[in-house]
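S.K.: Before I ask anything, here is the structure I am working with.
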Amino acid sequence: MDLDPTDLTVVRELQSDGRLTYETLARRVGLSRPATRARVQRLLAGGGVRVVAVVHPAVRGLTASAHLSIGASGPAEPVARAVAAMPQAPFVTLTAGSHAILAELRTAGLPELDRAIESIRSLKGVDAVDPLISLQHLKDPYLPAGRPEMPEPDATDLLILDELEHDGRLPFAELAERVGISPGAARARTLRLLDGGVAKVLALVRPELLGLGFLCGFAVRLDGERDSVARRIGEWDRVSFLSACMGRAELVGTISAESLAAVRDTLEEMRACAGVRRVESWVHLELVKERYDLTTPAS
């Protein structure tokens, strides 16, 4: 699916707010409401763009996370598919580098995280698992900022979140019918959940559609304190994700770039940063899974 400049503008607006009304979106992109609606529907039908609610992990009780570099003793794709089948894994890719697979895990605490890692170690074809335990997500385009600033969602709120995780642009009238409340109550509850940081509705877009088809992961080992280096690296536009962690590195992240030359330049700039001792990198070859509608697995 090729995107023209107007399509790209529509996508970027939906990345900021996936529930923008067609009227507001039409004003921002300079089209009529029917033309804007037709473009959005075409983008969603094309398979490269999804608009969903990403619920704050804490709301689902997912308080622990890790980034795993996974080695394979044979073909890596079957191993990656097996990891992707785990409910604790929202993100899995095939990679080029010292390991064949990169996965993110989110669980309801460190004991559950340890058990999930052990499950991956026991998979057929896995010959190494090197985890980086996340301490704090410093830059994440999908994670609502901070912690939710409202009381714990009730049963009706959770039903609303379940529906929006599958279709972030679901009209309030249809949402109300599915949940069993009035449209006014559905609207009020949804806005309260979004404003309170419980969830964020946005467009998930394949990077190549935005001209950012080159994704590179990195792990940074530091000489001294982390905060100043993390702030500096986190300010770079090409760094789309950054997390503080513990393990073989103090920072782990992702570069989203328009070319391999841009990836190289960003890595070189990273290596030149004061306080950086070593930068390990890998290229994401294929996205196997990217889903954030996770719930706490039954124990």
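Going by the working numbering, the sequence shown opens with residue 23, and the numbers climb by one from there.
Heads up, the beta-carbon is just placed ideally off N, CA and C, and yes, glycines get one too.
Is V274 near G246, with beta carbons less than 9 Å apart?
M.R.: No; because the gap between Cβ atoms is not below 9 Å, this pair is not in contact.
S.K.: Over the uninterrupted alpha helix (DSSP H) stretch that includes H78, give me the two end residues.
M.R.: H78 -> no alpha helix (DSSP H), and no H or E assigned at all.
S.K.: Given G40, which residues of its chain have a CB within under 6 Å of its CB, disregarding the five upstream and five downstream residues?
M.R.: Closer than 6 Å at Cβ, skipping near neighbours: V73, G190, V223, L224 and A225.
S.K.: Pull up the CB-CB distance for I92 and I123, whole angstroms please, since I reckon it's below 8 Å.
M.R.: Right, their Cβ atoms sit about 4 Å apart.
S.K.: For L243, I'd like the list of residues in its chain whose CB is within less than 6 Å of its CB, leaving aside the five on either flank, ordered along the chain.
M.R.: Sequence inspection shows Arg at residue 243; the Leu mentioned does not correspond to that position. So the qualifying residues of the chain are A271, R299 and R300.
S.K.: For a quick check, are the C-beta atoms of Q110 and L145 less than 9 Å apart?
M.R.: Not closer than 9 Å, so no.
S.K.: Tell me the rounded alpha-carbon separation between E35 and G219.
M.R.: Distance between the alpha carbons of E35 and G219: 19 Å.
S.K.: Which word fits V310, buried or exposed, when buried means at least 16 other C-beta atoms lie within 10 angstroms of its C-beta?
M.R.: By the 10 Å Cβ count, V310 comes out buried.
S.K.: Pull up the CB-CB distance for D48 and L84, whole angstroms please, since I reckon it's below 8 Å.
M.R.: The amino acid occupying residue 48 in the given sequence is Ala; Asp does not appear at that position. Contact doesn't hold; Cβ gap of about 37 Å is too wide.
S.K.: So what does P153 bridge to, in DSSP terms?
M.R.: Paired residues: L90.
S.K.: Can you grab the Cα-Cα spacing for the pair P205 / E199, in whole Å?
M.R.: P205 and E199: Cα-Cα distance of roughly 8 Å.
S.K.: Can you tell me which of the three DSSP states P319 falls into?
M.R.: Here the model assigns P319 a pLDDT of 48, short of 50, so the residue's position is not dependable and the matter cannot be decided.
S.K.: What do you get for P175, buried or exposed, if any count of 16 or more other CB atoms within 10 angstroms of its CB means buried?
M.R.: Buried.
S.K.: With DSSP as the reference, label E126 as helix, strand or coil.
M.R.: Here E126 sits in strand by DSSP.
S.K.: Below 8 Å on the Cβ atoms is my contact criterion, and I expect R151 with V101 to pass it. Report the Cβ-Cβ distance as a whole number of Å.
M.R.: This sequence places Val at residue 151; Arg is not what is there. Between V101 and V151 the Cβ distance is about 11 Å, and since that is not below 8 Å, they are no contact.
S.K.: Does the Cβ of S281 have 16 or more other Cβ atoms within 10 Å, making it buried, or fewer, making it exposed?
M.R.: Exposed, since its Cβ has fewer than 16 Cβ neighbours within 10 Å.
S.K.: CA-CA distance, T178 and S95?
M.R.: Distance between the alpha carbons of T178 and S95: 47 Å.
S.K.: May I have the straight-line CA-CA distance separating P193 from L213, to the nearest angstrom?
M.R.: Approximately 13 Å, taken between the alpha carbons.
S.K.: Under 9 Å between the Cβ atoms of T115 and L307?
M.R.: It is a contact, given that the beta carbons lie within the stated cut-off.
S.K.: May I have the straight-line CA-CA distance separating A86 from P56, to the nearest angstrom?
M.R.: Approximately 44 Å between the Cα atoms of the pair.
S.K.: Tell me Q158's beta-bridge partners as DSSP assigns them.
M.R.: Partner(s): A266.
S.K.: Here's the rule I'm using: 16 or more other beta-carbon atoms within 10 Å means buried, otherwise exposed. How should H188 be labelled?
M.R.: That one is exposed.
S.K.: By DSSP, does V220 sit in helix, in strand, or in coil?
M.R.: Coil.
S.K.: Taking P97 as the reference, which of M172, P112 and T117 has the closest Cα?
M.R.: Checking every option, the nearest Cα to that of P97 belongs to T117.
S.K.: With distances taken between CB atoms, is the gap from L183 to V81 smaller than 9 Å?
M.R.: Against a cut-off of 9 Å, the Cβ pair of V81 and L183 comes out as a contact.
S.K.: Using a 10 Å radius around the Cβ and a threshold of 16 neighbouring Cβ atoms, would you call R143 buried or exposed?
M.R.: Looking at its Cβ environment, which holds fewer than 16 other Cβ atoms inside 10 Å, R143 is exposed.
S.K.: State buried or exposed for M268, treating a residue as buried only when at least 16 other CB atoms are found within 10 Å of its CB.
M.R.: Label assigned to M268: exposed.
S.K.: Considering only heavy atoms of the ligand COA, does any lie closer than 8 Å to the CB of D176?
M.R.: This structure does not include the ligand COA; it has no bound ligands of any sort.
S.K.: Can you grab the Cα-Cα spacing for the pair L127 / A104, in whole Å?
M.R.: Their Cα atoms are separated by approximately 13 Å.
S.K.: Does DSSP put L116 in a helix, a strand or coil?
M.R.: Here L116 sits in strand by DSSP.
S.K.: Per DSSP, what are the beta-bridge partners of A102 in this structure?
M.R.: According to DSSP, which records beta bridges pairwise, A102 is partnered with nothing at all.
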